[in-house]
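Heads up, the thing below is written out as structure tokens.
There are 2 protein chains.
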Amino acid sequence: MEFFDNFLFEGIEESQCCEMMKCFGAREAEFQKGEIVYDFSRNSNSVGIVKSGSVQVIRDDINGNRVILERVEEKNLFGDALVFSLSIDSILVVAEERCQILFIDYSQITKRCSKACLHHTRLVENMFRLISGKVLALSERVEVLSAKTIRDKLLCYFNILSAREKKRTFDIPFSLKTLSEYLCVDRSAMMRELGNMKREGIIKMNRRSVEMLNFVV
Amino acid sequence: MEFFDNFLFEGIEESQCCEMMKCFGAREAEFQKGEIVYDFSRNSNSVGIVKSGSVQVIRDDINGNRVILERVEEKNLFGDALVFSLSIDSILVVAEERCQILFIDYSQITKRCSKACLHHTRLVENMFRLISGKVLALSERVEVLSAKTIRDKLLCYFNILSAREKKRTFDIPFSLKTLSEYLCVDRSAMMRELGNMKREGIIKMNRRSVEMLNFVV
DNA sequence: TTCCCCAAGTTGCATATGCAACACCATTTT
DNA sequence: AAAATGGTGTTGCATATGCAACTTGGGGAA
Chain A
323 MEFFDNFLFE GIEESQCCEM MKCFGAREAE FQKGEIVYDF SRNSNSVGIV KSGSVQVIRD
383 DINGNRVILE RVEEKNLFGD ALVFSLSIDS ILVVAEERCQ ILFIDYSQIT KRCSKACLHH
443 TRLVENMFRL ISGKVLALSE RVEVLSAKTI RDKLLCYFNI LSAREKKRTF DIPFSLKTLS
503 EYLCVDRSAM MRELGNMKRE GIIKMNRRSV EMLNFVV
Chain B
323 MEFFDNFLFE GIEESQCCEM MKCFGAREAE FQKGEIVYDF SRNSNSVGIV KSGSVQVIRD
383 DINGNRVILE RVEEKNLFGD ALVFSLSIDS ILVVAEERCQ ILFIDYSQIT KRCSKACLHH
443 TRLVENMFRL ISGKVLALSE RVEVLSAKTI RDKLLCYFNI LSAREKKRTF DIPFSLKTLS
503 EYLCVDRSAM MRELGNMKRE GIIKMNRRSV EMLNFVV
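This is how it looks when you write it as structure tokens:
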């Protein structure tokens with residue numbers, strides 16, 4: 323069963339987890355690829371833990387445009403920021419592949435039960451940590467997207483990776499195609515700019531491994 | 323003293339607030355314009371409530387680039403997402419003008435004390451609501467910035483405003499200059515594009531008031 | 001092996017956009 | 001009243017970028 327093997331329950335012992343799950347009235351379900359896991363426009367009082375597989379959180383706006391807000395993978399949580407939102411658009415959670423989801427009523431998380439106070443505290447902390455991580459990832463992304471030129475976007479993102487590794491050499495964590503999507507620029511234009519930067523001696527680069535040669539003033 | 327007049331303590335009675343503040347060991351301080359209110363690279367165990375005035379949350383990266391991550395105004399909270407971060411960059415909170423700040427040790431918020439359990443629950447909920455709001459605002463901004471052309475950025479943002487008002491007419495909540503900064507595009511280029519859109523009959527617009535004429539497919 | 005698919009890398013072209021410089025108007029300051 | 005300030009609106013120009021159309025190379029399936 324392993325309720326405990328996820329980031330929300332990290333640091334809480336298995337025995338306590340099981341007890342808390344009963345206390346929470348948690349329910350588990352399995353979904354096939356493409357199935358709707360949860361519809362936040364209908365009800366928004368649960369968070370979901372992805373025990374296996376992955377899901378997409380999708381916004382359909384009034385014009386029918388579909389935007390992927392988030393991909394949520396194994397051990398992670400969805401809905402943590404949505405249970406409080408009073409959104410107009412319909413927000414759906416859709417299975418990206420076959421997946422097992424554990425639903426917990428969010429009020430059970432903030433509420434305290436009589437027996438498990440210590441663990442509730444840890445649970446709340448974990449929840450904060452998860453949402454905080456999202457805030458940081460998003461503000462990082464805004465920072466990168468704020469740069470006007472492709473070169474500045476690349477340098478901004480490379481600086482973040484470089485700082486994260488504390489080294490001037492690092493690997494890009496996804497394919498160059500995906501990188502161009504993350505930066506919201508045309509892939510070929512990005513390749514061209516990377517070529518320029520190599521030629522000008524700003525970076526060395528082979529496939530996904532990058533070395534920064536100059537500090538950027 | 324009015325500890326309670328802010329979004330973190332919303333829904334908690336004044337008398338309870340005062341009691342909780344003692345229990346929290348909250349401390350209050352005043353800062354002048356430009357002073358450093360808090361340095362998250364030195365310590366990161368407090369959140370701050372802006373009781374009056376406003377502050378900026380600033381990131382200085384390794385190259386000395388300064389980016390404004392957030393403006394925090396009266397009644398709002400800063401540090402809610404930062405207490406958990408293990409950032410490399412130095413993150414500073416600086417007074418934008420003369421301001422009064424109330425500092426609370428974050429562990430006091432998640433922890434439960436013996437007397438004020440019910441109010442702790444409400445406090446935790448408020449905290450979640452505040453962070454969730456940030457997640458939503460940020461993902462909205464990412465969505466807007468994701469659009470490649472200036473026209474698409476404008477339409478994306480206008481659609482959000484239009485949906486928020488549930489009307490095809492609405493006002494832009496800040497100056498056109500600030501709008502161009504929000505969209506991260508050149509102001510004159512944005513003006514030019516707005517002109518094109520008016521001429522093509524996509525929008526009507528006068529100063530900050532906008533009417534959407536067509537659904538965008 | 002051969003075939004197929006996808007990421008990586010390149011190039012030409014049309015145009016969207018940043019930049020600079022300007023005029024206009026309303027408000028505030030001196 | 002005159003001057004300074006700041007938002008709004010416009011235009012010319014150079015170029016960065018999106019788009020389309022390629023080639024190349026590696027890894028997996030038949």
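These protein sequence lines are chains A and B, in that order.
Residue 539 is where the first sequence ends in the numbering used here, and the numbering goes up by one at each step.
Residue 539 is where the second sequence ends in the numbering used here, and the numbering goes up by one at each step.
The C-beta atom is built at its ideal place from N, Cα and C for all residues, glycine as well.
Since the model is a prediction, treat every value here as computed from it, not as a measurement.
Do the CB positions of leucine 414/B and isoleucine 371/B come within less than 8 angstroms of each other? Here residue 414/B refers to the residue found at position 92 of the second sequence. Here residue 371/B refers to the residue found at position 49 of the second sequence. Contact flag unset, no.
At the 8 angstroms Cβ level, is threonine 443/A part of the contact set with chain B, yes or no? Along the first sequence, read from residue 1 onward, the residue named residue 443/A stands at position 121. Closer than 8 angstroms to some Cβ of chain B, the Cβ of threonine 443/A qualifies, so yes.
May I ask you to verify whether the stretch 447-457 of chain A touches the stretch 391-407 of chain A, counting CB pairs closer than 8 angstroms and requiring at least 3? yes
4 or more residues per run - each alpha helix (DSSP H) lying fully within the stretch 460-518 of chain A: 472-487, 498-504
Using the beta-carbon of each residue, which ones in chain A are nearer than 9 angstroms to alanine 403/B? As a position in the second sequence, residue 403/B is number 81, starting the count at 1. Phe450, Ile453, Ser454, Gly455, Lys456, Val457, Leu458, Ser461, listed in chain order.
Judging by CA-CA distance, which residue of Ile423/A, Val446/A, Cys421/A is the nearest neighbour of lysine 433/B? To locate residue 433/B, count along the second sequence from 1; it is residue 111. Residue Val446/A is the option with its Cα nearest to lysine 433/B.
Is there a C-beta anywhere in chain A that falls below 8 angstroms from the one on threonine 500/B? For this step, residue 500/B is matched to residue 178 along the second sequence. No, because no Cβ of chain A sits closer than 8 angstroms to the Cβ of threonine 500/B.
For the beta strand (DSSP E) that glutamate 336/A lies in, which residues bound it at each end? The residue given as residue 336/A occupies position 14 in the first sequence. Where glutamate 336/A is concerned, there is no enclosing beta strand (DSSP E), although the alpha helix (DSSP H) it sits in stretches over 336-346.
Note down, in chain order, each residue of its chain lying with its Cβ closer than 8 angstroms to the Cβ of isoleucine 525/B, except the 5 sequence neighbours on either side. As a first step, residue 525/B must be located in the second sequence, where it is residue number 203. Taken in chain order, the residues that qualify are Phe480, Leu516, Met519, Val532, Glu533, Met534, Leu535.
To which residues of the same chain is valine 539/A closer than 8 angstroms at the C-beta, ignoring the five residues directly before and after it? As a first step, residue 539/A must be located in the first sequence, where it is residue number 217. For valine 539/A, the pLDDT reaches just 39, beneath the cut-off of 50, and the residue's location in the model is therefore unreliable, although a value from the coordinates is still provided. There are no such residues.
Cross-chain neighbours of glutamate 447/A in chain B, by beta carbon under 8 angstroms: Taking the first residue of the first sequence as position 1, residue 447/A is located at position 125. Per Cβ cutoff of 8 angstroms: Thr432.
At a CB-CB cut-off below 7 angstroms, which residues of chain B make contact with leucine 305/A? Lying outside 323 to 539, the shown extent of chain A, residue 305/A is not represented and no answer is given.
Alpha carbon of valine 425/B to alpha carbon of threonine 443/B, nearest angstrom: Taking the first residue of the second sequence as 1, we reach residue 425/B at position 103. Taking the first residue of the second sequence as 1, we reach residue 443/B at position 121. For the record, residue 425/B in the displayed sequence is phenylalanine; it is not valine. Roughly 19 angstroms between the two C-alpha positions.
Contacts of leucine 467/A in chain B (Cβ-Cβ under 8 angstroms): Position 145 of the first sequence holds residue 467/A. What leucine 467/A touches in chain B: Val464, Leu467, Ser468, Cys506.
Range of the contiguous beta strand (DSSP E) that encloses isoleucine 431/B: To locate residue 431/B, count along the second sequence from 1; it is residue 109. From DSSP, isoleucine 431/B is part of no beta strand (DSSP E) but of the alpha helix (DSSP H) over 428-432.
Can you grab the Cα-Cα spacing for the pair threonine 471/A / methionine 527/B, in whole Å? Translated into positions along the first sequence, residue 471/A becomes position 149. Translated into positions along the second sequence, residue 527/B becomes position 205. The alpha-carbon atoms of threonine 471/A and methionine 527/B are separated by roughly 29 angstroms.
Three or more C-beta pairs under 8 angstroms: does that hold for the stretch 334-347 of chain A against the stretch 415-422 of chain A? no
Per DSSP, lysine 526/B forms a beta bridge with which residues? In the second sequence, the residue the question calls residue 526/B occupies position 204. Per DSSP, Glu533/B.
In terms of residues, what are the limits of the beta strand (DSSP E) holding valine 415/B? Numbered from its first residue, the second sequence carries residue 415/B at position 93. Taken as a continuous stretch (DSSP letters only), the beta strand (DSSP E) holding valine 415/B covers 412-417.
Where lysine 520/B falls: helix, strand or coil (DSSP): Here residue 520/B is taken as the residue at index 198 of the second sequence, counted from 1. Residue state, collapsed to three classes: helix.
Beta strand (DSSP E) runs contained entirely in the stretch 354-402 of chain B, provided each spans 3 or more residues: 358-361, 368-374, 376-382, 388-395
Using a Cβ-Cβ cut-off of 7 angstroms (strictly less than) and excluding sequence neighbours within five positions of asparagine 398/A, which residues of its own chain qualify? Stepping through the first sequence from its first residue, residue 398/A is reached at position 76. So the qualifying residues of the chain are Phe329, Val372.
Per-residue burial, lysine 489/B [other beta carbons within 10 Å of its own, 16 or more giving buried]: Along the second sequence, one-based indexing puts residue 489/B at 167. Lysine 489/B comes out exposed.
Using DSSP's beta-bridge definition, name the partner residues of glutamate 350/B. As a position in the second sequence, residue 350/B is number 28, starting the count at 1. According to DSSP, which records beta bridges pairwise, glutamate 350/B is partnered with Leu424/B.
With DSSP collapsed to three states, give me the class of leucine 445/B. Taking the first residue of the second sequence as 1, we reach residue 445/B at position 123. Residue state, collapsed to three classes: helix.
Local Cβ density within 10 Å of arginine 463/A, reported as buried at 16 or more and exposed below that: Position 141 of the first sequence holds residue 463/A. Buried: at least 16 other Cβ atoms inside 10 Å.
Just tell me which of Arg529/A, Gly523/A, Asn367/A, Phe353/A has its CA closest to the CA of glutamine 430/A. Residue mapping note: residue 430/A aligns to position 108 of the first sequence, counting from 1. The residue with the shortest Cα to Cα distance from glutamine 430/A is Asn367/A.
Best match in Ile423/B, Ser484/B, Gly347/B for proximity to glutamate 395/B [C-alpha to C-alpha]: In the second sequence, the residue the question calls residue 395/B occupies position 73. The option with the nearest alpha carbon to glutamate 395/B is Ile423/B.
For the putative contact between isoleucine 484/A and phenylalanine 496/A, defined by C-beta atoms under 8 angstroms, what is the C-beta separation to the nearest angstrom? Translated into the one-based positions of the first sequence, residue 484/A becomes position 162. Translated into the one-based positions of the first sequence, residue 496/A becomes position 174. As written in the sequence, residue 484/A is serine, which differs from the isoleucine given in the question. Not quite, the Cβ-Cβ distance comes to about 16 angstroms (not below 8 angstroms), so this is no contact.
Note down, in chain order, each residue of its chain lying with its Cβ closer than 6 angstroms to the Cβ of leucine 391/B, except the 5 sequence neighbours on either side. Position 69 of the second sequence, counted from the start, is the residue given in the question as residue 391/B. Within the same chain, leucine 391/B has close Cβ partners Val379, Arg381.
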